[in-house]
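Right, one structure below, let's go through it.
Protein chains: 2
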Amino acid sequence: MEFPKENFSEWYNEVIEKAGLVDKRYPVKGMHVWLPYGWQLMRNIDEFFRKIFTEHKHKEVYFPLLIPETEFKKEAEHIAGFENEVYWVTHGGLDPLDVKLVVRPTSETAMYPMFSLWIRSHADLPLRIFQIVNVFRYETKQTRTFIRVREVHFFESHTAHATAEESEEQIRDNIEIWESIAKKLALPYLLVRKTDWDKFPGAAYSIGAETIMPSGRTLQIATIHQYFQNFSKPYDIKYLKEDGTHDYVHQTTFGMSERLVGAIVGIHGDDRGIVIPPEIAPIQIVIVPIVTKNKEGVLEEARKIEKELLKYFRVHLDDRDNYTPGYKFYYWELKGVPIRLEIGPKDIEKNQVILARRDTFEKIAVSRDEYIEGISSLLKDIQENLMERAEKEMGSKIKEAENIEDIKSHNGVSMVHWCGSEECGHKIEDLTEKKIIGTPLDEHSPGKCIICGKETEIIAYVAKPY
Amino acid sequence: MEFPKENFSEWYNEVIEKAGLVDKRYPVKGMHVWLPYGWQLMRNIDEFFRKIFTEHKHKEVYFPLLIPETEFKKEAEHIAGFENEVYWVTHGGLDPLDVKLVVRPTSETAMYPMFSLWIRSHADLPLRIFQIVNVFRYETKQTRTFIRVREVHFFESHTAHATAEESEEQIRDNIEIWESIAKKLALPYLLVRKTDWDKFPGAAYSIGAETIMPSGRTLQIATIHQYFQNFSKPYDIKYLKEDGTHDYVHQTTFGMSERLVGAIVGIHGDDRGIVIPPEIAPIQIVIVPIVTKNKEGVLEEARKIEKELLKYFRVHLDDRDNYTPGYKFYYWELKGVPIRLEIGPKDIEKNQVILARRDTFEKIAVSRDEYIEGISSLLKDIQENLMERAEKEMGSKIKEAENIEDIKSHNGVSMVHWCGSEECGHKIEDLTEKKIIGTPLDEHSPGKCIICGKETEIIAYVAKPY
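Next up, the structure:
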């Protein structure tokens with residue numbers, strides 16, 4: 044690695060490339076090629092999405108990529124929020140299309156015309172679906188791998204409910220799902236309600252999960268939106284109630300993206316490369332044979348170990364014989380494999396293996412008689428340590444601020460009292476040249492608005508977001 | 044079902060909708076919504092692709108959807124073959140793009156500029172990658188679900204090799220992979236070399252796997268292409284040889300699509316609905332409790348059975364209590380679940396379950412003491428029976444033809460001798476109003492060209508393709 048993590052921006056770019064997650068040289072700005080190792084990591088995360096959303100009664104579907112302009116334009120706030128950043132398909136072959144098509148930036152306007160056909164009566168509710176797709180945003184800001192790209196690997200769930208109460212219950216369930224995901228990925232976060240001027244176009248309100256990157260800037264890694272009837276009215280999604288009358292459904296959505304990979308890279312990585320939480324690591328254990336003398340004997344033992352471990356873990360045996368063990372250590376540290384297992388002639392004699400932790404670099408010798416259990420508990424330890432370490436690191440970046448100068452000078456998230464008015468909110472943002480990333484969902488405390496001095500219970504998190 | 048399978052076209056449209064595979068009412072022609080049941084079927088097929096291609100040393104990647112016009116246009120035959128049917132992205136937000144973007148119709152032109160960066164020396168070869176994505180074709184012909192659509196769920200593998208011999212070896216390996224896939228899906232096929240005027244744009248030659256639908260029309264369900272150096276030259280994909288000189292790589296590809304689902308629907312289905320081969324069925328066994336008296340006792344037993352079976356199979360318990368067993372039989376037959384397991388009070392007494400086969404409608408009673416084994420072997424039987432039945436059916440649709448009239452009057456594939464010349468080939472096609480779908484890979488026999496009378500060993504398959 045050329046750059047230490049201290050130089051976060053340069054380090055981030057370098058580590059992504061060297062760890063073999065993506066190749067950024069694809070000749071369209073903001074679009075990259077997912078390489079096998081990076082794609083496997085993303086797919087492991089996707090598989091967890093599938094598992095947990097299925098447990099929470101969602102079904103997986105796939106909606107078309109292209110959305111007719113006519114459907115796209117039905118909800119006014121939504122289209123206004125997106126029209127500067129959608130890609131337009133205007134021609135099929137050599138002919139102009141009768142109706143232009145939007146390359147989906149998110150799928151409300153693709154899905155909801157179908158919802159209005161699917162939902163007839165209360166028996167059809169709740170409806171809960173999700174899809175894992177790519178979405179497209181013509182970003183005008185500077186692009187950054189995983190964090191701000193033009194083709195985004197995206198998860199979106201959409202639900203429809205009979206009543207506002209039930210849709211609120213879904214929001215709570217979504218928060219619970221998010222907690223499991225964050226734990227799986229070992230990502231700490233702040234849960235915030237977005238300001239009105241920063242909510243999702245068309246939403247009644249939006250909840251963001253915000254993490255703090257080592258640079259002190261916040262990164263929104265999940266969003267949960269309450270639509271109530273904002274979309275069901277323009278898209279005419281009505282159902283027959285038990286009392287014989289009709290009503291519009293209440294809707295919610297939940298979105299996440301490849302930003303999660305960006306957060307993992309940024310938060311857990313170190314000067315030697317990325318560090319992947321064991322739960323989602325493409326390779327949990329890499330076996331490096333320490334071959335000096337007795338080459339065949341050691342390799343044979345390594346293959347035996349690989350076979351034993353493959354029953355329980357995601358394992359890779361690095362048996363390349365044109366590289367030294369030292370090079371392999373460097374190579375797999377860069378790629379963030381949680382445990383390196385070393386096996387050499389001396390270890391065979393002693394009936395042991397050496398386990399090296401990627402998170403702390405600690406090395407321990409474990410007897411072959413109980414090494415499966417040893418590895419199992421070590422993987423759990425690493426997962427927990429990554430989470431704790433990240434939480435501590437994030438906590439250190441959150442500070443209470445007394446005045447505008449405190450906010451400006453703090454490289455992280457500042458907590459200030461805010462009366463909640465849009466006027467004071469914009470003033471905070473203008474004076475600090477930062478953003479209110481949101482207000483905490485459960486935390487309140489008495490204080491005075493930093494701008495107008497009015498008594499308030501509302502706290503605002505102020506930071507520079509990505 | 045309104046239509047019997049005899050009325051194939053109408054039956055096909057009806058069964059897809061009623062079985063809940065897709066919803067065709069999406070407001071863009073030729074694009075449909077994949078519903079949970081259909082999507083799970085497609086995803087099971089995808090998972091098998093992943094498994095077998097990984098076993099055959101391919102790695103999964105993801106390339107961007109959008110391809111710059113400049114890259115797209117590098118290989119002349121390729122662009123000529125596609126330019127009438129690609130979707131063009133011309134605008135980002137409100138601005139026209141500097142370089143127009145093609146929505147991928149297939150990924151050669153996205154991948155190969157990167158290959159030229161990745162491949163440096165013989166040590167980088169062979170390169171074998173695949174991706175599972177959607178591709179887009181602006182079809183001008185009539186669209187038909189799964190068979191001819193504008194957004195296609197697609198599998199594509201791409202390989203690069205040092206020599207022509209090694210790329211030929213890859214073609215043989217691809218054929219072996221295809222055989223496993225066809226077996227998994229219980230699909231019979233003819234393996235053919237496409238005519239020169241029908242090969243893939245840019246390929247040196249193309250091999251097609253063609254199945255015959257009940258309508259007698261052929262459906263190309265997989266294609267394997269040999270490019271040799273046709274792409275590596277325009278895309279400048281060179282490698283350093285051991286002797287110190289440089290050479291262009293030799294490339295192959297392998298493509299399959301959601302057409303496989305269309306073939307499964309068409310070939311295995313019957314008057315009661317679709318029939319899904321057990322190996323890829325979203326649900327292999329549906330449990331229908333026969334509830335008359337002792338409702339709770341039967342349901343409890345059904346739940347116990349579900350729990351036992353879930354350890355080994357993909358199982359669903361239909362415990363809806365607002366539907367009769369008769370309705371549930373009808374419902375799950377329509378959806379093609381291979382085995383229905385019935386459990387009622389009498390069965391509980393007798394310590395047995397009833398298994399009903401979807402393929403033959405046969406019902407058998409199996410003792411609870413050995414029902415796991417019973418189900419296991421029954422699933423195998425059904426898989427094999429579907430394959431055999433389909434092979435027999437397909438065989439009956441292939442006939443030798445002596446003259447043009449024979450071909451015209453035969454509703455299926457006609458085998459005729461052909462000298463191999465493009466002139467006679469076009470004449471066969473024009474006179475019969477059918478197509479030469481290809482020539483068999485391994486079969487030869489002496490005979491005379493049906494057009495010019497010249498002695499030849501070449502056989503042509505002539506049929507009406509979808």
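As you go down the protein sequences, you meet chains A and B in turn.
In this text, residue positions in the first sequence follow this note's numbering: the first is 44, and each later residue adds one.
In this text, residue positions in the second sequence follow this note's numbering: the first is 44, and each later residue adds one.
Note that beta-carbon positions come from the ideal geometry of N, C-alpha and C, so glycine has one too.
*Give a yes or no on whether 8 Å exceeds the smallest Cβ distance from R68(B) to chain A.*
yes
*Residues bridged to P111(A) by DSSP?*
L144(A)
*Residues bridged to H460(A) [DSSP beta-bridge criterion]*: I502(A)
*Interface residues of chain A facing F106(B) [CB-CB closer than 7 Å]*: V76
_Bridge partner(s) assigned by DSSP for G135(A)_ = D138(A) and Y130(B)
*asked:* To the nearest angstrom, how far is the alpha carbon of Y374(A) from that of E434(B)?
replied: 51 Å
*Going by alpha carbons, who is nearest to I110(A) out of F92(A), G63(A), H99(A) and W131(A)?*
W131(A)
*Mind checking if V329(A) is an interface residue toward chain B, Cβ cutoff 8 Å exclusive?*
By the rule that beta-carbons nearer than 8 Å mark a contact, V329(A) does not touch chain B.
*Indicate whether I323(A) and L84(A) have their beta-carbon atoms separated by less than 8 Å.*
yes
_Please return the same chain residues whose Cβ sits closer than 6 Å to the Cβ of H453(B), not counting the five positions on each side in sequence._
K442
*Expressed to the nearest angstrom, what Euclidean distance is found between the alpha-carbon atoms of L233(A) and E253(A)?*
Roughly 5 Å between the two C-alpha positions.
_By alpha-carbon positions, which one of S159(B), E472(B) and Y55(B) ends up nearest to N446(B)?_
E472(B)
*Measure from the alpha carbon of I415(A) to the alpha carbon of each residue in S464(A), K440(A), L353(A) and M430(A), then state which is nearest.*
L353(A)
*Using a beta-carbon distance cut-off of less than 8 Å, what residues from the stretch 116–136 of chain A approach chain B?*
E126, N127, E128, V129, Y130, W131, V132, T133, H134, G135 and G136
_Among R400(B), I425(B) and E343(B), nearest to G387(B) - alpha-carbon criterion_ = Of the listed residues, the one whose Cα sits closest to G387(B) is E343(B).
*Below 7 Å CB to CB, which residues in the same chain sit around I59(A) once its five sequence neighbours on both sides are set aside?*
Excluding positions up to five away in sequence, the list reads V65, T188 and V308.
*asked:* In the DSSP output, what is Y282(B) paired with across the bridge?
replied: BP columns for Y282(B) point to D290(B).
*Secondary structure at Q83(B), three-state DSSP: helix, strand or coil?*
helix
*Could you work out which residues of chain A lie near K102(B), taking near to mean beta carbons separated by less than 8 Å?*
P79
_I'd like to know whether the C-beta atoms of I450(A) and L384(A) end up nearer to each other than 8 Å._
no
*Same chain, Cβ closer than 6 Å to E120(B), five either side skipped, listed in chain order*: P244 and G245.
*asked:* With a threshold of 8 Å between beta-carbons, can W82(A) be considered close to chain B, or not?
replied: Yes - at least one Cβ of chain B is within 8 Å of the one on W82(A).
*asked:* In whole angstroms, give me the CA-to-CA distance for K48(B) and E376(B).
replied: For K48(B) and E376(B), the distance between alpha carbons rounds to 15 Å.
*What is the C-beta distance between M437(A) and P231(A), in whole angstroms, given that I count them as a contact (C-beta under 8 Å)?*
4 Å
*Could you check how far apart the C-beta atoms of S210(B) and F115(B) are, in whole angstroms? I think they sit under 8 Å.*
Not quite, the Cβ-Cβ distance comes to about 23 Å (not below 8 Å), so this is no contact.
_Whole-Å CB distance - T97(A) paired with V142(A), under 8 Å assumed_ = No, T97(A) and V142(A) are not in contact; Cβ-Cβ is about 35 Å, not under 8 Å.
_Inter-residue spacing [alpha-carbon to alpha-carbon] between D364(A) and D167(B)_ = 16 Å
_For E199(B): DSSP bridge partner residues_ = Q174(B) and G298(B)
*Name the chain B residues whose beta carbon is nearer than 8 Å to that of L144(A)?*
Result: V71 and Y130.
*May I have the straight-line CA-CA distance separating A357(A) from F173(A), to the nearest angstrom?*
Note that residue 357(A) is Arg in the sequence shown, not Ala. R357(A) and F173(A): Cα-Cα distance of roughly 27 Å.
*Under 8 Å between C-beta atoms, does P156(B) make it to chain A?*
yes
*Quick check: the stretch 196–212 of chain A against the stretch 313–320 of chain A, are there 3 or more CB pairs under 8 Å?*
Between the stretch 196–212 of chain A and the stretch 313–320 of chain A there are fewer than three inter-stretch CB-CB distances shorter than 8 Å, so the stretches are not counted as touching.
_For a contact defined as C-beta to C-beta under 8 Å, what are the partners of Y370(A) on chain B?_
Within 8 Å Cβ-Cβ: nothing; Y370(A) doesn't reach chain B, min ~15 Å.
*Does any CB atom of chain A fall closer than 8 Å to the CB of L360(B)?*
Proximity of L360(B) to chain A, defined by a Cβ-Cβ separation below 8 Å, is not satisfied.
*Starting from the beta carbon of Y181(A), find every residue of chain B whose beta carbon is closer than 9 Å, and list them in chain order.*
H134, G135, G136, D138 and L140
*Does DSSP put I250(A) in a helix, in a strand, or in coil?*
Strand at I250(A).
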